[in-house]
Amino acid sequence: MKAQLLALAVSALLLAPVSAKGVFTAKIDLKRCMIGNQAGLLKVLSLQRKVLFTRGIDDRDQARMDEASRTALLSALNIEPDQYANVADQLMRDWNKLPRKEAIAVVSAIAASPDFAGRDKVETFLVQVMKTSTDIYARRQAILGLAVLPGVRTDTVDAVVARYETCQNLWETFPIQQFVEYHAAQIRSEKDVRARLAAVKSLYTPSVLGYLDT
């Protein structure tokens, strides 16, 4: 009887998912992410659904992450700074086979790190998700990811403004307010962008223009 119990215990250990604390495994570890629609990656749970780290409630003021919080959150997902590039590449390659919103939120958190060298590649990826994904949650999270990047290219500004001009879904376009707020200094210098934003008939246009004019 004891031998049978021992065998069962060993089998359970062998079959248990590899994660926390160990190597990042996207299909397992992304399910431990709690994502806020306004703030992105907010908390990480253990495999037993206990909170390992949290940044607070889902509030737009929490969207930008300080470096200590970013390091702690990603570490709770078994992602250390020397792994950021490899994990980001993996998530961008496989994101359509993974929990999409979570994959995008983690990639965005990595790319917002000031020392991350692969930001341009992530920026291109997020723009493509915003433009082409059939998943509205993924599209909104991609816009939020673009908003919290330390800086964006001129073609990215054009793509986000074009999305604002053509999308009628207020829930999806909500993070465009954050995009304009966080990148206002750059957007002000872009020719004709303010006029394009002002022409959009949206509930958010007054606040968007307010960020540009502040």
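Per this note's numbering, residue 36 is the first one in the sequence shown, and the count goes up by one each step. Where is the CB? At the ideal position from N, CA and C, for every residue including glycine. None of the values given here were measured: they were computed from a predicted structure.
Taking the alpha-carbon positions, what's the K166 to N113 distance? Taking C-alpha positions only, K166 is separated from N113 by approximately 30 Å.
Taking the alpha helix (DSSP H) that T208 belongs to, which residues open and close that run? L205 to T208
Per DSSP, what are the beta-bridge partners of G75 in this structure? G71
Kindly list the residues whose CB is nearer than 8 Å to the CB of A233, restricted to its own chain and excluding five residues on each side of it in sequence; keep chain order. T240 and L244
Which residue wins for smallest C-alpha separation from P116, given the options R198, A219, K136 and G153? G153
L133, enclosing beta strand (DSSP E) - first and last residue: Taken as a continuous stretch (DSSP letters only), L133 belongs to no beta strand (DSSP E), as it is neither H nor E.
What is the rounded straight-line gap between the Cα of R251 and the Cα of V228? Absent from the structure is residue 251, since the part of the chain shown begins at 36 and ends at 249.
Identify the residues that DSSP records as bridge partners of F151: which are they? None, per the DSSP bridge assignment.
Please state the DSSP three-state secondary structure of V268. In the structure as shown, the chain starts at 36 and stops at 249, and residue 268 therefore has no counterpart that could be examined.
Taking the C-alpha atoms as reference points, what is the distance between V45 and L82? Model confidence at V45 stands at a pLDDT of 36, short of 50, so the residue's coordinates are unreliable and nothing is read from them.
Hey, could you find the ends of the alpha helix (DSSP H) P241 is sitting in? T240 to D248
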